[in-house]
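Every letter in the sequence shown is one number past the one before it in our numbering, and letter 351, counting from 1, is 928.
Comments concern the structure below.
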Amino acid sequence: MRRCEVVAWGQPLQMREYPTPTPEGSEVLVRVTVCGVCHSDLHIHQGYFDLGDGEKLILEERGTRLPFTPGHEIAGEVVALGPEAADTGVEVGGEYVVFPWIGCGRCAVCARGEENLCPTPRFLGAYEGGGYADHIIVPHPRYLVPFDGLPRELACTYACSGVTAWGALGKTGIRRDDQALLLIGAGGVGMNALALAPSRVPGPVAVADIDAGKRETALAAGAAAVFDPADAGAAEAVRQWSGGGVWAAIDFVGRPETLRFGLSCLVPKGGRLVVVGLYGGRFPLPVPWLPLRALTLCGSYVGTLDDLRTVIRLARQGRVPPIPVTLRPLEEANAALEDLAAGRVEGRQVLVP
Numbered sequence: 578m579r580r581c582e583v584v585a586w587g588q589p590l591q592m593r594e595y596p597t598p599t600p601e602g603s604e605v606l607v608r609v610t611v612c613g614v615c616h617s618d619l620h621i622h623q624g625y626f627d628l629g630d631g632e633k634l635i636l637e638e639r640g641t642r643l644p645f646t647p648g649h650e651i652a653g654e655v656v657a658l659g660p661e662a663a664d665t666g667v668e669v670g671g672e673y674v675v676f677p678w679i680g681c682g683r684c685a686v687c688a689r690g691e692e693n694l695c696p697t698p699r700f701l702g703a704y705e706g707g708g709y710a711d712h713i714i715v716p717h718p719r720y721l722v723p724f725d726g727l728p729r730e731l732a733c734t735y736a737c738s739g740v741t742a743w744g745a746l747g748k749t750g751i752r753r754d755d756q757a758l759l760l761i762g763a764g765g766v767g768m769n770a771l772a773l774a775p776s777r778v779p780g781p782v783a784v785a786d787i788d789a790g791k792r793e794t795a796l797a798a799g800a801a802a803v804f805d806p807a808d809a810g811a812a813e814a815v816r817q818w819s820g821g822g823v824w825a826a827i828d829f830v831g832r833p834e835t836l837r838f839g840l841s842c843l844v845p846k847g848g849r850l851v852v853v854g855l856y857g858g859r860f861p862l863p864v865p866w867l868p869l870r871a872l873t874l875c876g877s878y879v880g881t882l883d884d885l886r887t888v889i890r891l892a893r894q895g896r897v898p899p900i901p902v903t904l905r906p907l908e909e910a911n912a913a914l915e916d917l918a919a920g921r922v923e924g925r926q927v928l929v930p
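Below you can see the structure in the form of structure tokens.
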């Protein structure tokens with residue numbers, strides 16, 4: 578089997594050959610047909626997350642070891658089952674999306690179905706080898722979700738981009754059709770949030786992005802309004818459009834400038850900022866704002882296995898407009914990461930082994 582691996586943090590990925598593994602116990606061997614390229618892959622490639630003021634969260638200190646195979650938006654064909662994976666409904670030859678946010682399977686968090694919040698995770702493409710490869714071992718058939726009727730290159734994006742958007746939308750607290758929502762960042766996750774919003778929140782949805790092309794794409798995809806956060810009057814324009822401020826904003830970028838912009842667009846009291854993006858940095862917040870503005874500031878991290886099943890069900894029902902997808906061979910993984918880092922990508926890039 579081939580793997581496109583990080584062999585030195587921040588250095589170009591290298592293609593390497595390994596023996597194709599044989600599944601044991603409850604394991605399933607999947608031939609990877611497509612794997613999406615996520616912004617998190619940039620951080621994994623570099624080996625750290627930027628915490629601001631020169632501080633870094635070092636992935637190697639959290640269990641990620643070199644050489645490492647990134648990639649967590651995986652779809653593929655089952656080619657072999659371990660002896661304990663038989664008679665589970667998963668069939669050799671079937672195509673599935675792989676749920677990558679796998680926990681330890683033993684703790685109370687995992688028991689309640691929130692493996693994405695497990696304190697000792699086994700995330701594929703983050704802690705264990707991922708989908709920048711032509712085969713991958715999945716620890717149990719339950720992590721395989723059928724996507725019949727959907728293009729595989731679109732379905733794979735729901736494993737991260739889709740469930741992340743769905744989970745963040747659920748944290749906005751929006752319940753009425755007069756409560757406006759602002760999405761900050763129109764990349765792959767932001768565009769999936771725009772596509773999923775009608776199934777999750779009843780109010781109007783606007784999009785903010787510094788890229789004019791992405792704003793045009795968002796308008797064409799159904800955004801009620803678009804804004805350029807780099808404009809000096811952008812926050813005031815959002816407040817005017819929403820009749821005094823949006824009730825919630827989701828920041829899919831996650832840098833100090835975007836948090837500041839999101840907070841400035843909220844209603845004076847009772848607003849909510851949901852932070853998804855991991856771009857990095859440090860953000861000072863006046864503590865009295867929290868009680869005086871009844872402000873909610875929360876993070877949202879990917880989603881659950883049930884979230885993935887829900888998103889794929891909605892997509893199969895035709896209720897999730899497809900985001901733009903660009904296919905690239907696995908050999909172009911380095912170029913794909915470079916284009917993503919430079920902001921040259923609309924929607925999602927998907928690698929084909």
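Ideal placement from N, C-alpha and C gives every residue a C-beta, glycine not left out.
Just so we're clear, the structure is a prediction, and the values are computed from it rather than from any experiment.
If you check the CB distance, Ile714 and Ala825 do not come in under 8 Å. Only buried fits Ile827, as 16 or more other CB atoms lie within 10 angstroms of its CB. Per DSSP, Cys875 is one residue of the beta strand (DSSP E) stretching across Thr873 to Gly876. Residue Glu654 holds the alpha-carbon nearest to the alpha-carbon of Arg729 among Ile787, Arg719 and Glu654.
If you draw a straight line from the Cα of Gly831 to the Cα of Thr873, it is about 16 Å long. Secondary structure at Cys733: helix, using DSSP grouped into helix, strand and coil. Taking C-beta atoms as the reference points, Gly613 and Ser738 count as a pair closer than 8 Å.
In the DSSP annotation of this structure, Glu668 is not part of any beta strand (DSSP E), being labelled neither H nor E.
Between Thr881 and Gly666, the CB-CB gap reaches or exceeds 8 Å.
When the alpha-carbon of Ala811 is set against those of Asp788, Leu796, Ala732 and Phe838, the nearest one is in Phe838. For the pair Ala919 and Glu632, the Cα-to-Cα distance works out to about 23 Å. Per DSSP, Val656 is one residue of the beta strand (DSSP E) stretching across Glu650 to Leu658.
The DSSP-derived three-state label of Arg579 is strand. Runs of alpha helix (DSSP H) with 4 or more residues, each lying fully within the segment 812-857, are found at 833-842, listed in chain order.
Nearest neighbour of Ala770 by Cα position, chosen from Tyr709, Lys846, Gly847 and Val851, turns out to be Val851.
A residue is called buried once 16 or more other Cβ atoms fall within 10 Å of its Cβ, and Thr599, having fewer, is exposed. Ranked by Cα distance from Ala809, the first of Cys842, Arg699 and Gly765 is Cys842. Assignment of Val879 by DSSP, reduced to helix, strand and coil, places it in the coil class. Sixteen is the threshold: since fewer than 16 other Cβ atoms of the shown chains lie within 10 Å of the Cβ of Tyr878, the residue is exposed.
Separation of Val583 and Pro868 (C-alpha to C-alpha, rounded to the nearest whole angstrom) is 45 Å.
With respect to the 8 Å criterion, Ile900 and Ala772 are classified as neighbours on the basis of their beta carbons. Leaving aside the five residues that flank Gly767 on each side, the residues in its chain whose CB is nearer than 6 Å to its CB run, in chain order, Leu760 and Phe829. Lys791 carries a helical assignment under DSSP once its states are collapsed to helix, strand and coil.
With a cutoff of 8 Å on beta-carbon distance, Phe626 and Gly854 are scored as not near each other. With 16 or more other Cβ atoms inside 10 Å of its own Cβ, Arg849 counts as buried. Burial state of Thr697 is exposed, judged by a 10 Å Cβ sphere holding fewer than 16 other Cβ atoms.
For Ala688, the three-state secondary structure derived from DSSP is helix.
Between Leu590 and the set Pro863, Arg925, Val922 and Ala912, the nearest pair of CA atoms involves Ala912. Closest in alpha carbon position to Thr734, among Gly765, Gly707, Ala757 and Lys748, is Gly765. In the three-state DSSP reduction, Tyr625 falls in the strand class (E or B). Closest option to Pro596, judged by alpha-carbon separation, among Ala774, Ala688 and Arg580: Arg580. By the 16-neighbour rule on beta-carbons within 10 angstroms, Cys695 is buried. Selection Glu915, Gly640, Val823 and Ala663 evaluated against Glu601 yields Ala663 as nearest (Cα-Cα). Annotation for Leu773: no beta strand (DSSP E) segment contains it, though the alpha helix (DSSP H) segment containing it runs Gly765 to Leu773.
Excluding residues up to 5 positions away in sequence, Pro833 and Leu836 lie with their Cβ nearer than 6 Å to the Cβ of Phe860 in the same chain.
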